[in-house]
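Working notes for the structure below.
Numbering (the numbering used here), first residue to last: 4 to 331.
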């Protein structure tokens, strides 16, 4: 069951075309302008919702079909509404929603790529947003604005050419959904129990690592850990520079993130994602302390994902395949 771009082989290439850089600059600039205007004219909750949705839908920019893009947009809005609804209902209701989303996610993958792997992350983010005094209409309007930004750029970018996906055996989808749900439950529950403040980082890393084939999972975990370590060091060096240089560098790192994820270079995407997050995170902690938290999150997520992958492989091998389910 393939859920992501191939990271199993081939050398990492730092080369980017002029077009890839221009597309990344244009996307980041347009998103910043639109979200900035949203914050100024409507409020910070709408801008935050738009930002979350843009991150959620970033990978559909070069999806193979408009059906895939529009379906992903609809799913992102459903996740936002569900997360907002369960935010004030307590831990156990939220955990039930996380499990539900993970199980459904296994059956709504689009083509060969699980564009929606951060569904539980966005669910928790909108649940947290609902506890800040935000109103539902602000969250949904922001999500619609974010989706509009991504869909607009998708219309300007050449889609990837994908071979027809023959479908995935039903047991593979059930195993993926069950392991994703179990791992997500464990991460969220453990984070609450240990009062770990960055569960979303852990959950995102887990989702991304698990959402690839067995032959790629260890490599992707390795790349995410290595990229995070290098990114933390880069963020620490940048934070020592006088203002506003760190903020400018954060913008540059974000542009490179978009460019490299569009180019399919996962290791370099993670390398620049980490300092972009750390340099823009609103926290009383130092950049070094934030970096340590991020490393802890990635290491725990990798452990859970690899163990979950072993369970998933065991379940699928015992079943020996079965009914094939076409991708939604």
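For each residue, glycine too, the CB sits at the ideal point set by N, CA and C.
For residue i, which residues from the same chain have a beta carbon less than 8 Å from its beta carbon, with the 5 sequence-adjacent residues on both sides left out?
{"i": "residue 247", "result": "none"}
{"i": "residue 282", "result": "238, 241, 242, 249, 250, 252, 253, 256, 290"}
{"i": "residue 195", "result": "94, 202"}
{"i": "residue 131", "result": "90"}
{"i": "residue 17", "result": "268, 271"}
Taking the straight line between their C-alpha atoms, what separation do you get for residue i and residue j?
{"i": "residue 280", "j": "residue 181", "result": "30 Å"}
{"i": "residue 19", "j": "residue 28", "result": "13 Å"}
{"i": "residue 105", "j": "residue 184", "result": "5 Å"}
{"i": "residue 304", "j": "residue 208", "result": "6 Å"}
{"i": "residue 319", "j": "residue 268", "result": "29 Å"}
{"i": "residue 46", "j": "residue 199", "result": "29 Å"}
{"i": "residue 69", "j": "residue 288", "result": "42 Å"}
{"i": "residue 136", "j": "residue 297", "result": "27 Å"}
{"i": "residue 139", "j": "residue 33", "result": "25 Å"}
{"i": "residue 301", "j": "residue 188", "result": "16 Å"}
{"i": "residue 54", "j": "residue 24", "result": "20 Å"}
{"i": "residue 192", "j": "residue 43", "result": "36 Å"}
So for residue i, helix, strand or coil by DSSP?
{"i": "residue 110", "result": "coil"}
{"i": "residue 19", "result": "coil"}
{"i": "residue 121", "result": "coil"}
{"i": "residue 207", "result": "helix"}
{"i": "residue 243", "result": "coil"}
{"i": "residue 116", "result": "Residue confidence for residue 116 is low, a pLDDT of 44 falling below 50, so the modelled location carries little weight; the figure read from the coordinates is stated next. Three-state DSSP puts residue 116 in a strand."}
{"i": "residue 296", "result": "helix"}
{"i": "residue 288", "result": "coil"}
{"i": "residue 199", "result": "coil"}
Please state if the CB of residue j and the CB of residue i are separated by a distance shorter than 8 Å.
{"i": "residue 63", "j": "residue 122", "result": "no"}
{"i": "residue 41", "j": "residue 145", "result": "yes"}
{"i": "residue 264", "j": "residue 30", "result": "no"}
{"i": "residue 129", "j": "residue 150", "result": "no"}
{"i": "residue 212", "j": "residue 109", "result": "no"}
{"i": "residue 57", "j": "residue 153", "result": "yes"}
{"i": "residue 314", "j": "residue 190", "result": "no"}
Within the same chain, show all residues whose beta-carbon is closer than 7 Å to that of residue i, passing over the 5 residues directly before and after it, in chain order.
{"i": "residue 217", "result": "Low confidence applies to residue 217: its pLDDT is 49, below 50, so where it sits in the model is not reliable, and the reading given next is rough at best. These residues qualify, in order along the chain: 312, 316."}
{"i": "residue 126", "result": "82, 85, 86, 100, 101, 104"}
Can you name, in chain order, every residue of its own chain whose Cβ lies under 6 Å from the Cβ of residue i, other than the five neighbours on each side?
{"i": "residue 210", "result": "120, 121"}
{"i": "residue 97", "result": "89, 130"}
{"i": "residue 259", "result": "275"}
When you measure from the CB of residue i to every non-hydrogen atom of the ligand SAM, does any distance come out below 7 Å?
{"i": "residue 247", "result": "The ligand SAM is not part of this structure, which contains no ligands at all."}
key: Length-filtered (4 minimum) alpha helix (DSSP H) runs lying within the region 45 to 106   = Taking only runs of at least 4 residues, the alpha helix (DSSP H) segments lying wholly in the region 45 to 106 are 47 to 60, 69 to 89.
inquiry  = Extract the residue ranges of the alpha helix (DSSP H) inside the region 245 to 285, only unbroken runs of 4 or more that lie entirely within it.
reply    = 248 to 266, 269 to 283
query = Mind pulling the alpha helix (DSSP H) runs of 4 or more residues that sit fully within the region 132 to 197?
reply = 139 to 157, 173 to 197
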